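Notes follow once the structure below has been shown.
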Amino acid sequence: MAQSQFAMLGLGVMGSNLALNIEDHGFTVAVWNREHEKTDRFIAENAGKQFTATRTLEELVAALERPRKIMMMIKAGSPVDQMLGQLLPLLEPGDVVIDGGNSWFKDTQLRAKRLIDHGLHFVGSGVSGGEEGARFGPSLMPGGTRESWESIRPVFEAIAARSDSGPCVTYCGPDGAGHFVKMVHNGIEYGDMQLIAEAYDLLRRGLGMSAAQLADVFDEWNRGPLQSFLIEITANIFRKIDPESGAPLVDKILDKAGQKGTGKWTAQVALDLGVPVPTIAAAIDGRVLSSMKDERVVASGRFAGPKPAGSLSVDDVHNALYAAKICSYAQGFALMQAGSKEWNWNIDLREIARIWKAGCIIRAKFLDSIMRAFERRADLPNLLLDPDLTLAADAWRRCVTFAQSNGIAVPAFAASLAYFDSYRTANLPQNLTQAQRDYFGAHTYQRNDKGADAPFIHTDWS
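To get my numbering, take the position in the sequence shown, counting from 1, and add 27.
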């Protein structure tokens, strides 16, 4: 019996769809799942395809040609370590184990070191695109040794989504680089979704638009610079009618948003690295505040909102959303640049923009502009400094002013604008902050009239 070229360990939604994608592209696949019934059902539903069912990990390993390539699509955290503990005694030097879940990148670093000590390769790979992406073409973000990348490259390049710039997969760097890039992707996704929600609120409450009108607006936006997967699905959401009430389904959904933690990780790592990501942080706060439904209902009865004031146009909201989106991406790419430097990953930011152009959740027309920005200057410190990127700041300010005057919360719009205004300001008020720190804690300061390398000094302020 011929041995399989690849293995999928875990046949949940993502694992089963990735396995089907891999087999579609001519690779033979051995499959395993903890519940044998799921394996049997998968094989029965895909009779005639090049799958080999295995019931034990020993069978799975024996069914593979060498060097073995095993992809785990299982729950992140301790289940990954437990599975590695069972696999390690069965593998041989040169074999490759891939974790395709949303694992914490520092865990991936430790696992990579653990497997290298046994002569094995560990790949932490981001997989974005959801169920449909897994089945027909995801964006893939693998990190590990160069040798492991070359081993899995034929499979990953075959199954990845494709844009006009090629397959949406690239080698991100050693050990945890792939999962770090996926973490930042998800943080940007949080920011994108919050900004779209705020634009929706401005159009709905600020301009009184119906769901049908909103669908038309988002359809139009999806034909311009805001073209993206998230804008596209937003238009579709507004058109969905609730069969029970006949009303737009979106109006029947409880306003409590969930989260799985990757956005929070992004903000935490950004704090550790000293990189400001206020749009992503505002998006996290927005989800947490949304979960406080009972308290918000009470507060809504206690505090009256302001009287309607000012005016706003659909074009203003469009331009504000685009400008805020640029700032959100600028923050995410600055964070990847800092992480790459901190852990010596040498992440190619042009390549990251390229592989996000299709397949992933944040795929957008705007990513082509980001790719070109890093082609012009690979070490660009911030997207805001690219000469070809322009922001309609006046429209952005009108949106934030209108929202605040009318009591409509736009934390991500406002955070992005504050980021932009801080970044474009040569002299910030933190000279006073530093004076205060020196006053109460003798933390010292530098004089601004003594040059960039001025010595740190302390003043007796009393």
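Beta carbons: idealized from backbone N, C-alpha and C, even for Gly. Note that this is a predicted model, so its numbers are computed, not measured.
Just verifying my parser: in three-state terms, what is the DSSP assignment at VAL302?
Coil at VAL302, not helix or strand.
Sequence-distant residues of the same chain with beta carbon closer than 7 Å to VAL427, five excluded per side:
Beyond the five residues adjoining it in sequence on each side, VAL427 comes within less than 7 Å, by CB distance, of VAL437, PHE440, ALA441 and LEU444 in the same chain, given in chain order.
The segment 353-360 in contact with the segment 306-323 per 3-pair CB rule at 8 Å
At 8 Å Cβ cutoff, the stretches touch.
Within a Cβ cutoff of 8 Å, which residues of the same chain sit near LEU455, ignoring the five residues on either side of it in sequence?
So the qualifying residues of the chain are SER449.
Could you have a look at TRP59 and say whether DSSP puts it in helix, strand or coil?
When DSSP states are grouped into helix, strand and coil, TRP59 belongs to the strand group.
My guess is that GLU92 and SER31 are in contact by the Cβ rule of under 8 Å, so how many angstroms apart are they, rounded?
Distance from GLU92 to SER31 at the Cβ level is roughly 7 Å; contact confirmed, criterion being Cβ atoms closer than 8 Å.
Best match in ILE311, ARG266 and ASP299 for proximity to ALA284 [C-alpha to C-alpha]:
Out of ILE311, ARG266 and ASP299, ILE311 has the C-alpha closest to the C-alpha of ALA284.
Going straight from the alpha carbon of VAL124 to that of ASP282, what length do you get?
So the two alpha carbons sit approximately 40 Å from each other.
Would you report the Cα separation of GLU378 and PRO165, rounded to the nearest angstrom?
Straight across, the Cα-Cα distance linking GLU378 with PRO165 is about 15 Å.
Select from ASP228, MET319, ALA336 and ASN213 the residue whose C-alpha is nearest the C-alpha of GLY290.
Looking at the Cα atoms, ASN213 is the closest of the given residues.
For HIS148, which three-state DSSP category applies?
Assigned with DSSP and collapsed to three states, HIS148 falls in strand.
Ordered along the chain, which non-local residues of its own chain (more than five positions away) have a Cβ less than 8 Å from that of GLU158?
Cβ within range, chain order: VAL40, MET41 and ASN44.
Would you give the residue range spanned by the beta strand (DSSP E) that ALA80 belongs to?
Counted as a single uninterrupted DSSP element, the beta strand (DSSP E) harbouring ALA80 occupies residues 78-80.
Are the CB atoms of ALA350 and LEU418 nearer to each other than 8 Å?
Between ALA350 and LEU418, the gap from beta carbon to beta carbon is short of 8 Å.
As a quick exercise: from SER489, ASP487, TRP488 and THR471, pick the residue whose alpha carbon is nearest that of ALA481.
It is THR471.
Taking all protein chains shown into account, decide if GLU271 is buried (16 or more other Cβ within 10 angstroms of its Cβ) or exposed.
When all chains shown are included, GLU271 counts as exposed.
Enclosing beta strand (DSSP E) for PHE183 [first to last residue]:
Careful: PHE183 lies outside any beta strand (DSSP E), inside the alpha helix (DSSP H) at 173-186.
Distance between beta carbons of GLY170 and GLY151, contact taken as under 8 Å:
Contact check for GLY151 and GLY170: beta-carbon distance about 5 Å, within the 8 Å limit, so the pair qualifies.
GLY273 at chain B interface by Cβ criterion, 8 Å:
In the structure shown, chain B cannot be found, because there is only a single protein chain.
What are the uninterrupted segments assigned as alpha helix (DSSP H) that are 4 or more residues long and contained completely in the segment 361-430, given in chain order?
Counting whole runs of 4 or more residues, the segment 361-430 contains the alpha helix (DSSP H) stretches 376-382 and 393-403.
Residue from LEU36, HIS148 and LYS76 with nearest C-alpha to LYS102:
Comparing Cα positions, the closest option is LEU36.
Beta-carbon proximity list for ALA139, same chain, < 6 Å, skipping 5 on both sides
Counting only Cβ-Cβ distances below 6 Å, and skipping sequence neighbours, we find PHE149 and ASP202.
Could you check whether ALA262 and ASN249 sit closer than 8 Å to each other, using their CB atoms as the reference points?
Pairing ASN249 with ALA262 gives a Cβ-Cβ distance under 8 Å.
ASP108, buried or exposed, once every other Cβ within 10 Å from all chains shown has been counted against 16
The residue is exposed, with fewer than 16 neighbouring Cβ atoms inside 10 Å.
Exposed unless 16 or more other CB atoms sit within 10 angstroms - verdict on ASN48:
ASN48 should be labelled buried.
If you draw a straight line from the alpha carbon of GLY200 to that of ASP415, how long is it in whole angstroms?
Those two C-alpha atoms are separated by around 28 Å.
Output the residue ranges of the alpha helix (DSSP H) runs that lie fully inside the segment 289-348 and measure 4 residues or longer, sorted by chain position.
List check, alpha helix (DSSP H) in window: 289-300, 305-317 and 320-329.
Span of the beta strand (DSSP E), counted from its first residue to its last, around PHE33:
Per DSSP, PHE33 is one residue of the beta strand (DSSP E) stretching across 33-36.
Return the first residue and the last residue of the beta strand (DSSP E) that SER443 is part of.
Per DSSP, SER443 lies in no beta strand (DSSP E); the unbroken alpha helix (DSSP H) holding it starts and ends at 438-450.
Can you tell me whether ARG451 is buried or exposed? The criterion is at least 16 other CB atoms within 10 Å of its CB, across all chains shown.
Exposed is the call here.
DSSP-derived helix/strand/coil call for ASP476:
Coil, per DSSP.
Does the beta-carbon distance from GLY205 to MET168 come in below 8 Å?
Result yes, Cβ atoms of GLY205 and MET168 sit closer than 8 Å.
Contact check, VAL182 vs ILE382, beta carbons under 8 Å
No; because the gap between Cβ atoms is not below 8 Å, this pair is not in contact.
Alpha carbon to alpha carbon, how far is ALA405 from ASP144?
One alpha carbon belongs to ALA405, the other to ASP144, and they sit about 34 Å apart.
Note down the Cα distance separating ASN409 from SER367, rounded to an integer number of angstroms.
Rounded to the nearest whole angstrom, the CA to CA distance from ASN409 to SER367 is 14 Å.
Considering only C-alpha positions, which residue in the set SER355, ASP219, ILE260 and MET100 is nearest to LEU411?
Ranking SER355, ASP219, ILE260 and MET100 by Cα distance to LEU411 puts SER355 first.
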